[in-house]
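Residues 1280 to 1614, numbered by our numbering, are exactly what the sequence shown covers, in order.
Scroll down for the structure; my scribbles are underneath it.
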Amino acid sequence: MSGRLRLAVVGVGRMGAIHAETIAPMFGIDVVAVADTSPEVARAVGERIGATAYSSLSDLAARGDVEAWLIATPTTTHPAVVSTALDAGLHVLCEKPLSLDPGESESLAARAAAENRVLQIGFWRRFSPPWMLARKAVMDGAIGRPLMLRLSQWDADPPPASFCDPATSGGLAIDCGVHESDLVTWFTGLAIEHVTARNLPLVDPSLGEVGDADNLVAMIDLAGGAVATIDLSRNARYGDDVRTEILGSNGAIFVDLLPTGRARLATAEGVATIPGSETDDAFAEGIRGQAIAFVGAVRGEPVEIPSGSTSTLAVAVGRAIQESAATGQPIALAT
Ligand SMILES: NC(=O)c1ccc[n+]([C@@H]2O[C@H](COP(=O)([O-])OP(=O)(O)OC[C@H]3O[C@@H](n4cnc5c(N)ncnc54)[C@H](O)[C@@H]3O)[C@@H](O)[C@H]2O)c1
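What follows is the structure, encoded as structure tokens:
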């Protein structure tokens, strides 16, 4: 098929509804169907965007005119739902992480590649102008060799403890941390050698009761001596914030999400906003950008997309963060 991509959004809770409503007005994609195991949820989102609602994935999979599924079901269901889509010969854009089990993640990635299907992971920062242009500046050598990276995701408030349970969402290190771990390798291309981390369970004791923490800090040793630090929080209160700072041998890059998105380049000549990086809503831009890249990948265009293996690596880093926080020891990563 060619022309507008005929897409179904599967799982239209919190994140899936954002995807469906952000993508529906876009040129190049027809959101023809939505599906959710809750018929009321599927119907409500379907009515809002003019898409057919399904509560049975096998009924949806039997439709012959859908080319791809965007999957935003709960994390533990991703492997089964992705497999259902691949069984039906469909391309997949799956929310992060692909699986909490790196082995399962790798086998899904390998299956999609062997069957010539696109399996893209929802690492939206890679498609949001502030991060895209920051990365281009790094790749162009604007700051020299990356030496230190500081990556923060500070969410306003924690989800319910049942969601934070590492068995359900992966916990803070994986549920939130996969985005930042992915950025480390995306920005530098350097192998991750060791991970050292500490949980900071300082605010909400209910998260500790399910084995998670509301704050953590991790240090990641990269090949060649560069270091990335990741700090994650579920109690920023003022908003869901993301910041990325990279010090290079010849300058620095600062990426902000709030109050509006921008990337700044700092060199001996001064500090300046990178043209084209400013956006009121860097998150929505990232959601739109990754959907456009997905369409390109499905149509065989040479676009760079985060594959299933990028999720495998990011989850492995998250597991190393959890292991280091539990043992107090640095954990070696085989990458
Ligand atoms: N990329 C991001 O920044 C980001 C942000 C939030 C959530 N997420 C990811 O999105 C996914 C969903 O998270 P959420 O917070 O929207 O969860 P949610 O619970 O709000 O929504 C999930 C929806 O999926 C439905 N569902 C459950 N099992 C299903 C199945 N087998 N088939 C179809 N529908 C099913 C549920 O009824 C629910 O409506 C998670 O994997 C999460 O990691 C990503």
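A virtual CB, placed ideally from N, CA and C, is assigned to each residue, including glycine.
Any idea what DSSP makes of glutamine 1608, helix, strand or coil?
Here glutamine 1608 sits in coil by DSSP.
Return the chain-ordered list of same chain residues with a C-beta closer than 7 Å to the C-beta of glutamate 1394, the five sequence neighbours on each side being excluded.
Only Leu1365 meet the Cβ criterion.
Is it true that the CB of alanine 1321 sits closer than 8 Å to the CB of tyrosine 1333?
In this structure, alanine 1321 lies closer than 8 Å to tyrosine 1333 by Cβ.
For the region 1334-1343 and the region 1540-1556, state whether three or more C-beta atom pairs, one from each stretch, are separated by less than 8 Å.
Taking 8 Å as the limit for Cβ pairs, the verdict is that the region 1540-1556 does not touch the region 1334-1343.
Report yes if the C-beta of tryptophan 1465 is less than 7 Å from at least one heavy atom of ligand 2; otherwise report no.
By its list of ligands, the structure shown excludes ligand 2, since it contains just ligand 1.
With distances taken between CB atoms, is the gap from valine 1289 to leucine 1349 smaller than 8 Å?
Yes, they are a contact pair.
Report the CB separation of glycine 1456 from isoleucine 1509 in whole angstroms; it is logged as a contact under 8 Å.
Correct: roughly 6 Å between the Cβ atoms.
Whole angstroms is fine: what's the gap from arginine 1578's alpha carbon to phenylalanine 1306's?
So the alpha carbons of these two residues sit roughly 15 Å apart.
Applying the criterion that 16 or more other CB atoms from any shown protein chain within 10 Å of the CB defines a buried residue, is valine 1482 buried or exposed?
Counting Cβ neighbours within 10 Å, valine 1482 comes out exposed, since fewer than 16 surround it.
Taking aspartate 1380 as the reference, which of Ser1448, Met1411, Pro1437 has the closest Cα?
Nearest of Ser1448, Met1411, Pro1437 to aspartate 1380, Cα basis: Ser1448.
Terminal residues of the continuous beta strand (DSSP E) containing threonine 1475?
Here the beta strand (DSSP E) through threonine 1475 covers 1471-1478.
Ligand 1: which residues have Cβ under 5 Å from any of its heavy atoms, chain order?
Here the list is Gly1290, Gly1292, Arg1293, Met1294, Asp1315, Thr1316, Ser1317, Val1320, Ala1351, Thr1352, Thr1354, Thr1356, Glu1374, Gly1401.
If you draw a straight line from the C-alpha of aspartate 1604 to the C-alpha of leucine 1377, how long is it?
Going by the sequence as given, residue 1604 is alanine instead of aspartate. Approximately 23 Å between the Cα atoms of the pair.
Does DSSP put valine 1496 in a helix, a strand or coil?
Looking at valine 1496 - three-state DSSP - the assignment turns out to be strand.
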